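For reference, the structure is listed below as structure tokens.
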Amino acid sequence: MKSFLRRHAVAVLRSALRCGGERWHRIVTEALSPGDEHLYQVIERVPTSRGDVTFYCLGDTARWRALSLLTKEPETIEWIDSFSDGDTFWDVGANVGVYSLYAAINRRIRVLAFEPSAANYFLLNRNIELNKLDGIVQGLCVAFSDDDRIDALNMLSTGLGGALSSFGEPIDPFGKTFSARFRQGAIGFSIDAFIDHFRPTFPNHLKIDVDGIEDRIIAGAQRTLADGRLKSLSIELDSGRVEYTNSVVARVERAGLLLMARRHSDMIESGEYKSIFNYQFRRNE
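Numbered per the working numbering, the sequence shown spans residues 1 to 285.
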């Protein structure tokens with residue numbers, strides 16, 4: 001009986017989340033997570049042109065990531081749609097795996113999803129399991145930088161589905177240092193060394209969304225970027241950091257990848273992150 005009542009209550013609250021405004025959305029979310037020690041599970045099935053993608057959501061942020069799959073970064077969805085069956089996609093900074101799952105669902109695309117946050121890594125793997133994609137999507141709790149080391153993942157948020165973490169140094173997407181709420185232990189590699197050590201399936205498409213140390217990851221991936229098997233790259237950068245971003249773009253282009261577009265969705269055009277874009281590159285053949 002208790003189980004029935006709980007399922008019914010969650011169903012009602014989920015319905016309210018869909019129908020209510022932002023204020024009601026926050027109130028209902030608090031009801032779904034009455035304390036840090038316990039969160040009700042909410043399963044969301046998001047329809048796409050490839051079929052439904054199922055998400056295991058704990059809390060407001062994880063649920064928002066699921067429901068904004070197709071709208072938060074439409075340019076990333078279009079880029080993933082350009083992949084060919086048989087390609088391999090590396091998702092660096094996968095979070096809960098929204099783009100990893102979308103790339104793989106009902107497609108013959110192999111995905112390596114890298115997410116160093118322990119909380120997000122849990123949700124990433126739960127999502128892989130729910131979608132029965134463990135045969136083609138592999139989640140790895142690994143950070144990337146310009147060398148190999150054990151260090152801290154400096155976290156502004158430890159919430160499920162949270163972002164704005166930085167491996168090694170607390171640097172935010174705008175290049176400013178921040179005071180970490182929590183320093184989680186993490187292991188990191190350069191992309192080149194990771195490939196040398198473990199011989200994973202080589203990426204044909206590489207997405208980098210790490211909120212601050214993009215230059216270091218690019219510095220540690222020079223052989224990978226220059227390899228003709230890598231067809232395309234999407235990397236999130238702050239256009240307001242002109243010298244920094246121009247340097248990253250130049251380094252990528254020297255490796256033979258041509259900048260094709262700099263895009264973001266209309267939903268952030270006038271917000272705090274309006275200077276943040278996905279820079280999309282393709283092999284200059």
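Glycine included, every Cβ here is placed at the ideal spot set by N, Cα and C. Computed from a predicted structure; not experimentally measured.
- Query: Got a sec, what are the start and stop residues for the alpha helix (DSSP H) residue 76 sits in?
  - Reply: Residues 74-81.
- Task: Quick one: grab the DSSP three-state call for residue 70.
- Result: The answer is coil: DSSP assigns residue 70 none of H, G, I, E or B.
- Message: Whole angstroms are fine: how far does the CA of residue 236 sit from the CA of residue 82?
- Response: Going by the C-alpha atoms only, they are around 18 Å apart.
- Message: Looking at the strands, I want to know which residues DSSP matches up with residue 65.
- Response: Paired residue(s): none; residue 65 is not in a bridge.
- Message: If you measure between the beta carbons of residue 211 and residue 147, is that distance less than 8 Å?
- Response: Residue 211 places its beta carbon 8 Å or farther from that of residue 147.
- Does the segment 161-178 touch the segment 68-76, meaning 3 or more C-beta pairs lie closer than 8 Å? Contact between the segment 68-76 and the segment 161-178 is absent, with fewer than three C-beta pairs closer than 8 Å.
- Task: Would you kindly work out how many angstroms separate the C-alpha atoms of residue 207 and residue 62, rounded to a whole number?
- Result: Distance between the alpha carbons of residue 207 and residue 62 is about 20 Å.
- In whole angstroms, what is the alpha-carbon distance linking residue 94 and residue 203? When rounded, the separation of the alpha-carbon atoms in residue 94 and residue 203 is 15 Å.
- Query: So, are the CB atoms of residue 221 and residue 196 less than 8 Å apart?
  - Reply: Taking 8 Å as the Cβ cut-off, residue 221 and residue 196 do not qualify as a contacting pair.
- Query: Exposed or buried, what is residue 41 when buried is set at 16 or more other beta-carbons lying within 10 Å of its beta-carbon?
  - Reply: Exposed: under 16 other Cβ atoms inside 10 Å.
- Just to confirm, does residue 153 get its C-beta within under 7 Å of one of the non-hydrogen atoms of the ligand SAM? The ligand SAM is absent from the structure shown, which contains no ligands of any kind.
- Among residues of its own chain, excluding the 5 on either side of residue 27, which ones have a beta-carbon nearer than 6 Å to its beta-carbon? Low local confidence applies: a pLDDT of 29 at residue 27 is under 50, so the model's placement there is unreliable, with the coordinate-based value given in what follows. So no residue of the chain qualifies.
- Taking only runs of the alpha helix (DSSP H) that begin and end inside the segment 77-143, which ones reach a length of at least 4 residues, in chain order? Look at the segment 77-143 and you find these whole runs of alpha helix (DSSP H), each 4 residues long or longer: 98-104, 118-130.
- Task: Would you decide whether residue 150 is buried or exposed? Buried here means 16 or more other CB atoms lie within 10 Å of its CB.
- Result: With fewer than 16 other Cβ atoms within 10 Å, it is exposed.
- Task: Kindly indicate which three-state DSSP category residue 280 falls into: helix, strand or coil?
- Result: Strand at residue 280.
- Query: To which residues of the same chain is residue 264 closer than 6 Å at the C-beta, ignoring the five residues directly before and after it?
  - Reply: Hits under 6 Å: 277.
- Task: Given a cut-off of 8 Å, decide if residue 190 and residue 145 are closer than it, judged by their beta-carbon atoms.
- Result: Yes, the pair counts as a contact, with Cβ atoms nearer than the cut-off.
- Can at least three beta-carbon pairs, one atom from the segment 120-131 and one from the segment 95-111, be found at a separation below 8 Å? Segments in contact, yes.
- Item | Selected residue, minimal CA-CA separation from residue 108, among 77, 44, 133 | Cα-wise, what sits closest to residue 108 is 133.
- Do residue 86 and residue 113 come within 8 Å of each other at the CB atom, strictly closer than that value? Contact: no.
- Span separating the alpha-carbon of residue 180 from that of residue 239: When rounded, the distance between both Cα atoms is 24 Å.
- Message: So if DSSP puts residue 194 in a beta bridge, which residue, or which two residues, is it bridged to?
- Response: Answer is none; residue 194 lacks a bridge partner.
- Query: Is the beta carbon of residue 335 less than 8 Å from the beta carbon of residue 50?
  - Reply: Residue 335 lies beyond the residue range present for the chain, which begins at 1 and ends at 285; the question has no answer from this structure.
- Message: Buried or exposed, going by whether 16 or more other CB atoms sit within 10 Å of the CB of residue 103?
- Response: Buried is the call here.
- Taking only the alpha-carbon atoms, compute the straight-line gap between residue 228 and residue 89 and give it to the nearest angstrom. In this structure, the alpha-carbon of residue 228 lies about 15 Å from that of residue 89.
- Helix, strand or coil for residue 222 per DSSP? Note: residue 222 maps to helix in three-state DSSP.
- Using a threshold of 8 Å, state whether the C-beta atoms of residue 153 and residue 116 are closer than that. Contact flag set, yes.
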